[in-house]
Amino acid sequence: CFTRSFKALKTYTGVDSWMEDYYAPAYDEESLLKAADEWAEREITGDIKPVVEHVFMETSAKTKKMIDNHKQELLQRYFGAAASSMTFELLVNSTHLTFWQLSDNETLVMYLDTMEPGKFTGFVPTLVEGFEMAAQRGLSRLIIDLTNNGGGNICLGRALLAFLQRDGWAGNGQNWGPQDLPLSVFAEQLINSAVENDVSSTVWSPAFYANQDGQNINNTDTSYLLPGVPHLRGGLVRQYSKLLHINGCGDWGYDLYPAVDFSPSETLIITKGLCGSTCALFANHMALYDDVRTVVLGGMPGRQQMQYTSFPGLQVLEKKPLFGQFIKLKQNVSWVPYADIDPNSVVPRLLPTQADFRYCVREIYPPEASYSTKPMEFNFQQANYHYFNNELTANYPEYAWYQVLDLFN
């Protein structure tokens, strides 16, 4: 039986009430520009808007007892007598980041269920305190659990890399990886407008980026973006920028100091293969730059091996900051009826709906990328280890932490 029920967040009374939600009020330029500015600020600080928490309906005492009895049966079935010594000591937690100590008195578990908890919403204090608690207790092994992490803010992921990659880590000092920007007639128009109007805070602004040597690009220097490099994608040739990355993205992570410098060989990353976007960026960087081992949970026996990530960490812009950046770059995006659209215009117009969408603006590559290297979305990154779920770990995934302890040996 299901242990939780979902509560409807809204009930519509008919088509008219649904249409009121569907059709968007006319956006004014001020709100779109504000969205673009907020996006640029969040990208660098790693902060985001507060996450909406959903509340589940209560479970009865009788149901709770039945669930606990079944859990004890599963523990005996899969771990036997050893189950009685398996404990999970909560050290510190915030909404999306939690630290646990396992009963081997050596292992710290860092559970992070999103890459968008926000820098100023408890994430940073919890991160620092978790490592301080590990230092006080002499813990030397680290499990990073990303099983429910679907991604988030790219610069928060970069900041976490800066925080973790310290002495003895191959990636120490480099929390970025090579990316490129797809080009088009419209993209070229945006880039030139950024130069002409001295706008440095958009995806199409040269100064938004640094080159592969980590050097900032001047906003008047379009040579890294234009005329572009030809790549074959989906059977078609398209121009892309040279390799670059966001200037200063996540560098605030270098200002934080982990109380324990866990070595890459004593670090494991666990996912269910869901890990996408910034989560994939983080996990791939740790695996490919630092040789941190990866574990994937789930799948079906007899099928092909699983990779530890889903879609790789690129970057997307949501509708309001996307169109806000177009406005900053002096583009006319005001809504017009379809019949009145100029077929020769390359500028997209606002859609008359409140429905949101995300537009992908960059590709990401593995380390040491050359221009012939395939971007990460065309690479299969198989996990070092694959554990299939059993009835216990499917219902109580924290016990997978005890399953993987032998990998440290």
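Everything in the sequence shown is counted per the numbering used here, starting at 269 for the first residue and increasing by one.
Even for Gly, the Cβ is constructed at its ideal location relative to N, Cα and C.
The model shown is predicted, which means the values in this text are computed figures rather than measured ones.
(request) For Leu511, write down the residues that DSSP places opposite it in a beta bridge. (result) None; Leu511 has no bridge partner.
(request) Quick one: residues in its chain with C-beta nearer than 6 Å to the C-beta of Asn677, no 5 flanking neighbours on either side, listed in chain order? (result) Counting only Cβ-Cβ distances below 6 Å, and skipping sequence neighbours, we find nothing.
(request) Could you round the C-beta distance between Ala455 and Asp519 to whole angstroms and report it? I think they count as a contact, below 8 Å. (result) Rounded, the Cβ-Cβ distance is 26 Å, inconsistent with contact.
(message) From the DSSP secondary-structure annotation, give me the bridge partner or partners of Ala478.
(response) BP columns for Ala478 point to Asn484, His513.
(message) Bridge partners for Asn361 per DSSP, in chain order?
(response) Paired residue(s): Thr366.
(request) List the DSSP bridge partners of Val564. (result) For Val564, DSSP records a beta bridge to Thr539, His654.
(request) Would you decide whether Pro474 is buried or exposed? Buried here means 16 or more other CB atoms lie within 10 Å of its CB. (result) So Pro474 ends up on the buried side.
(request) Specify whether the region 505-513 and the region 530-543 touch according to this definition: at least 3 beta carbon pairs, one from each stretch, less than 8 Å apart. (result) At 8 Å Cβ cutoff, the stretches do not touch.
(message) Can you tell me where the alpha helix (DSSP H) holding Asp284 begins and where it ends?
(response) Counting along the chain, Asp284 sits inside the alpha helix (DSSP H) bounded by residues 283-290.
(message) Measuring alpha carbon to alpha carbon, tell me which residue in Ala668, Ala555, Lys588, Pro605 is nearest Gly439.
(response) The shortest C-alpha to C-alpha distance from Gly439 to any of Ala668, Ala555, Lys588, Pro605 is the one to Ala555.
(request) May I ask which residues mark the beginning and end of the beta strand (DSSP E) holding Pro498? (result) That run of the beta strand (DSSP E) goes 497-501.
(message) Between Gln649 and Thr577, how many whole angstroms is the CB-CB distance? I'm expecting something under 8 Å.
(response) Contact check for Gln649 and Thr577: beta-carbon distance about 6 Å, within the 8 Å limit, so the pair qualifies.
(request) Express the C-alpha separation of Val564 and Asn657 in angstroms, rounding to a whole number. (result) Between the alpha carbons of Asn657 and Val564 lies a gap of roughly 10 Å.
(message) Can you give me the C-alpha to C-alpha distance between Gly348 and Tyr670, rounded to a whole angstrom?
(response) Approximately 13 Å, taken between the alpha carbons.
(request) With a threshold of 16 other CB atoms inside 10 Å of the CB of Tyr379, please say whether the residue is buried or exposed. (result) The residue in question, Tyr379, is buried, as its Cβ has 16 or more Cβ neighbours within 10 Å.
(request) Below 8 Å on the Cβ atoms is my guess for Gln457 versus Asp558; work out the distance and round it to an integer in Å. (result) Contact doesn't hold; Cβ gap of about 40 Å is too wide.
(request) Give the C-beta separation of Lys596 and Leu301 to the nearest angstrom, bearing in mind that I take them to be a contact with Cβ-Cβ under 8 Å. (result) Right, their Cβ atoms sit about 6 Å apart.
(message) Taking the alpha-carbon of Asn421 as reference, which of Asn487, Ser362, Ile514 has the nearest alpha-carbon?
(response) Looking at the Cα atoms, Ile514 is the closest of the given residues.
(request) Report all residues from its chain with a CB closer than 8 Å to the CB of Tyr291; omit the five preceding and five following residues, and keep chain order. (result) Only Pro620, Thr621, Gln622 meet the Cβ criterion.
(request) Can you tell me the Cβ-Cβ gap for Gln584 and Arg626, rounded? I've got them flagged as a contact below 8 Å. (result) Checking the sequence, you will find Val at residue 584 rather than Gln. At roughly 4 Å, the Cβ-Cβ gap stays under 8 Å, so Val584 and Arg626 are in contact.
(request) Verify whether the separation of the beta carbon atoms of Thr661 and Ala651 is less than 8 Å. (result) No; because the gap between Cβ atoms is not below 8 Å, this pair is not in contact.
(message) In the DSSP assignment, the beta strand (DSSP E) including Glu631 goes from what residue to what residue?
(response) Element bounds for Glu631: 626-632.
(message) Only counting the same chain, and skipping five residues up and downstream in sequence, which positions put a Cβ closer than 6 Å to that of Leu343?
(response) Correct list, in chain order: Ala351.
(request) Within 10 angstroms of the Cβ of Ala527, are there 16 or more other Cβ atoms? Answer buried if so, exposed if not. (result) Counting Cβ neighbours within 10 Å, Ala527 comes out exposed, since fewer than 16 surround it.
(message) When you compare the CB positions of Arg409 and Glu374, do they come within less than 8 Å of one another, or not?
(response) The Cβ atoms of Arg409 and Glu374 sit closer than 8 Å to each other.
(request) Go ahead and label Asp696 buried or exposed: buried means 16 or more other beta carbons lie within 10 angstroms of its beta carbon, across all protein chains shown. (result) Here the chain covers residues 269 to 677 and nothing more, so residue 696 does not appear.
(request) Quick one: grab the DSSP three-state call for Gln622. (result) Of the three classes helix, strand and coil, the one that applies to Gln622 here is coil, per DSSP.
(request) Determine, using beta carbons only, whether Tyr633 and Val497 come nearer to each other than 8 Å. (result) Taking 8 Å as the Cβ cut-off, Tyr633 and Val497 do not qualify as a contacting pair.
(request) Pull up the CB-CB distance for Leu359 and Gly418, whole angstroms please, since I reckon it's below 8 Å. (result) At roughly 25 Å, the Cβ-Cβ gap does not stay under 8 Å, so Leu359 and Gly418 are not in contact.
(message) Pull the bridge partners of Arg506 from the DSSP assignment, please.
(response) DSSP lists His499 as partners of Arg506.
(message) DSSP three-state label for Pro393, please.
(response) Three-state result, Pro393: helix.
(request) Confirm, please, whether the CB-CB distance from Ile412 to Thr535 is below 8 Å. (result) Between Thr535 and Ile412, the gap from beta carbon to beta carbon is short of 8 Å.
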